[in-house]
Each structure stands twice: as C-alpha cells, then as structure tokens.
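The sequence shown finishes on residue 590 if you use the numbering used here, and the numbering steps up by one all the way, no holes. Everything below concerns the one structure shown next.
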Amino acid sequence: MRPELQRRVQRYGWDKAAAHYEAYWKQSLLPAQAKLLEMADLQPGQRVLEVASGTGLVTLPAARAVGPTGEIVATDVSDEMVRATLAAARQEGLDNVVTERMGAEELLVEDASFDVVLCSLGLMYVPDAALALREMLRVLRPGGQAVVAVWGQRSSCGWAEIFPIVDKRVNTEVCPLFFQLGVGDALEFLMRQAGFDDAQSERVPTTLEYASHEDACGAAFLGGPVAMAYSRFDEATREEAHAEYLDSISGFWTDEGYRIPGEFVVTRGTKGVT
Numbered sequence: 317m318r319p320e321l322q323r324r325v326q327r328y329g330w331d332k333a334a335a336h337y338e339a340y341w342k343q344s345l346l347p348a349q350a351k352l353l354e355m356a357d358l359q360p361g362q363r364v365l366e367v368a369s370g371t372g373l374v375t376l377p378a379a380r381a382v383g384p385t386g387e388i389v390a391t392d393v394s395d396e397m398v399r400a401t402l403a404a405a406r407q408e409g410l411d412n413v414v415t416e417r418m419g420a421e422e423l424l425v426e427d428a429s430f431d432v433v434l435c436s437l438g439l440m441y442v443p444d445a446a447l448a449l450r451e452m453l454r455v456l457r458p459g460g461q462a463v464v465a466v467w468g469q470r471s472s473c474g475w476a477e478i479f480p481i482v483d484k485r486v487n488t489e490v491c492p493l494f495f496q497l498g499v500g501d502a503l504e505f506l507m508r509q510a511g512f513d514d515a516q517s518e519r520v521p522t523t524l525e526y527a528s529h530e531d532a533c534g535a536a537f538l539g540g541p542v543a544m545a546y547s548r549f550d551e552a553t554r555e556e557a558h559a560e561y562l563d564s565i566s567g568f569w570t571d572e573g574y575r576i577p578g579e580f581v582v583t584r585g586t587k588g589v590t
C-alpha cells in the first residue's frame with residue numbers, strides 16, 4: 317500500500333474506532349501508559365508534544381503533571397480522536413491542553429520548541445516510523461527527551477491473528493509492520509539512528525481481560541486499527557471473521573473470561589545538548 321493511502325486508511329479507520337476505543341482498551345493499555353509517564357517524569361512548567369494522542373488517555377495525566385504553567389499539545393491523525401481529547405480535557409477543567417489534527421511524519425511545530433515528546437502506542441501505525449522519530453528529535457529542545465511506547469513482539473501478543481484474519485477478507489495491509497518495532501532492540505536502534513542519545517527500553521508484560529466473546533470481538537474489530545476494514549464486511553463475513561478470531565484466542569479462555577497475553581516496549585531517548 318502506498319504511504320499516502322495507508323495514512324488515509326489510518327485517519328478514517330481511527331475516526332470509526334474513536335467511539336469504541338476507551339470502552340474496549342482503556343484498562344488494557346494502562347500498564348504501557350503508566351510506564352511511559354513514569355519514564356517521562358514530567359515536571360511542572362514543561363511544554364509537551366503528544367504524537368498520536370488518541371482519546372487523551374495519556375494527555376490528561378500529562379496535563380495534570382505539568383500543571384497550569386505547562387502545556388500539552390496533543391496531536392492525532394484522526395479528527396474524532398482530537399475532538400475526544402479536547403472534550404475530555406475541557407470536562408476536567410484542564411485549560412493547558414491544546415489539540416490539533418496532525419500526522420507524525422510532519423509535525424507542524426517549530427524546531428526546538430518542546431521539553432518532552434510522548435507517543436503512546438501510535439508509532440506502529442506510521443508508514444515511516446524513522447521519519448516520525450526524526451521529527452520528534454527536531455522539535456525537542458537540547459536535553460529534551462522523547463518517550464515512545466509500542467506493542468511488543470508478535471509471539472508475545474496472543475491477539476495477533478486479528479490482522480491476517482481481516483486482511484484475508486479485505487486486503488488493507490493496514491499494519492504490515494505492526495510488530496517489528498517490538499522485536500528485540502528494534503525501537504532503541506531506530507531512535508539512535510534518528511539521532512537520539514541514551515536510548516533505553518523496558519518491556520512491560522500485560523494481560524488483556526475480556527469477560528465475554530462479544531467484548532473480545534468488540535475490542536478487536538470495533539475499537540482498534542481494523543475498524544475501517546471491518547465496516548466494509550457484510551453480516552455473514554463479520555460472523556465468519558468473529559468465529560475465526562475467537563478460535564485463534566480460544567486457548568486463553570478461563571472461568572473468568574479471556575486472559576490474553578500481551579507485551580509493550582517503552583523506550584526513552586534524549587536529544588544531545590551539542
């Protein structure tokens with residue numbers, strides 16, 4: 317898929333997923349987001365750029381951490397995600413949050429204008445992740461840092477069959493490199509190549525918990541990256557895809573529902589002062 321087409325698929329796909337995202341993913345993503353914020357160690361007064369902010373699950377705690385003297389500029393490729401972030405911030409009375417629809421590979425902000433860049437579980441969807449990292453470096457002030465979270469390697473993520481199941485029915489190639497950034501030291505290496513110093517990673521194991529077959533399918537098909545492709549399925553195709561996906565995760569069914577293993581990688585890099 318051409319990069320410009322992939323970007324369009326991501327934009328409109330996440331527009332469709334936005335309404336379902338928090339219902340199915342808010343709890344599951346907490347370990348990655350907590351580790352990202354811990355590694356960022358945000359301080360009052362800092363100016364923070366968030367790339368791929370989603371519905372604001374990282375934005376809001378980051379805004380509270382930097383306080384009224386700081387600022388969070390939250391960006392996402394999806395209009396619906398941006399609107400959700402702004403609405404959530406205003407509902408909590410956080411006036412230090414600014415939102416804008418913006419792609420990760422062309423950050424429309426000035427050089428050296430932020431203390432910290434955050435990107436929580438968005439870099440896997442970017443056609444040119446290396447370019448996105450170079451953009452993060454460009455907008456950081458000397459001594460500033462970027463903290464990026466991605467999903468771990470495919471073998472550690474029990475839900476990974478969702479992509480071939482969907483692509484078999486609608487050839488979207490929506491996330492052809494999804495798990496590559498989570499393999500070994502791949503993200504550290506890419507950050508160093510982009511020019512970051514002292515790139516260091518932590519792996520965070522997790523478990524995705526779903527009480528029912530319906531919840532597991534909702535998370536996989538409605539609230540995530542395949543939402544746009546799924547919207548094109550007729551009812552028979554949806555039922556067939558559901559059955560195949562549930563079969564792929566059947567080994568993780570327990571008396572309490574699904575307990576599906578997953579893994580995150582969180583990596584921090586610093587912009588040199590010279």
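Each residue gets a CB set at the ideal place from its N, CA and C atoms; glycine is no exception.
Query raised in the report: For the stretch 487 to 563, which segments carrying the alpha helix (DSSP H) assignment without a break, of at least 4 residues, lie completely within its bounds, in sequence order?
Result: 502 to 510, 529 to 533, 543 to 546
Query raised in the report: Beta-carbon separation of E416 and T371 under 8 Å?
Result: no
Query raised in the report: Can you tell me where the alpha helix (DSSP H) with F479 in it begins and where it stops?
Result: 478 to 483
Report task. Would you decide whether R519 is buried or exposed? Buried here means 16 or more other CB atoms lie within 10 Å of its CB. Result -> exposed
Query raised in the report: So L410 and L439 are in contact, right, with Cβ under 8 Å, and what is the actual spacing, rounded?
Result: In fact, because the Cβ distance is near 25 Å, the residues do not count as touching under 8 Å.
Report task. Give the range of the beta strand (DSSP E) segment to which L456 is assigned. Result -> 456 to 467
Query raised in the report: Pick from V455, S436, T401, A405: whose alpha carbon is nearest that of E422?
Result: V455
Query raised in the report: Between the stretch 520 to 534 and the stretch 569 to 584, do at least 3 Cβ pairs fall closer than 8 Å?
Result: yes
Query raised in the report: Sorted by chain position, which residues of the same chain lie with C-beta nearer than 8 Å to F549's C-beta, five sequence neighbours on each side aside?
Result: R485, V486, A557
Requested in this report: With a floor of 3 residues, list each beta strand (DSSP E) that falls wholly inside the stretch 392 to 463, ordered by position along the chain.
Outcome: 413 to 417, 430 to 436
Query raised in the report: How many angstroms separate the CA atom of S369 from the CA atom of A535?
Result: 18 Å
**Report entry** In DSSP terms, what A381 is bridged to
**Finding:** The partner list for A381 (beta bridge, DSSP) is empty, contrary to what the question assumes.
Report task. Within its chain, find whatever has a CB closer than 8 Å to the CB of T590; leave out the 5 residues flanking it on each side and keep chain order. Result -> P458
Requested in this report: Determine, using beta-carbon pairs with one atom in the stretch 388 to 403 and one in the stretch 326 to 337, whether at least three such pairs fall under 8 Å.
Outcome: yes
Query raised in the report: Just the Cα atoms here: how many angstroms apart are V581 and L365?
Result: 20 Å
Requested in this report: Could you tell me the boundaries of the alpha helix (DSSP H) in which E354 lies?
Outcome: 346 to 356
Query - Where G329 falls: helix, strand or coil (DSSP) - result: helix
Query raised in the report: What is the rounded straight-line gap between the Cα of Q407 and the Cα of C435?
Result: 23 Å
Query raised in the report: What number of angstroms, rounded off, separates the C-alpha of A445 from the C-alpha of L345?
Result: 21 Å
**Report entry** For I576, the first and last residue of its enclosing beta strand (DSSP E)
**Finding:** 573 to 586
Query - Distance, G419 Cα to V389 Cα - result: 13 Å
Query raised in the report: For the stretch 558 to 566 against the stretch 471 to 479, are there 3 or more C-beta pairs whose distance is under 8 Å?
Result: yes
Query raised in the report: Nearest to E387 by alpha carbon, out of A403, R399, G498, V414?
Result: V414
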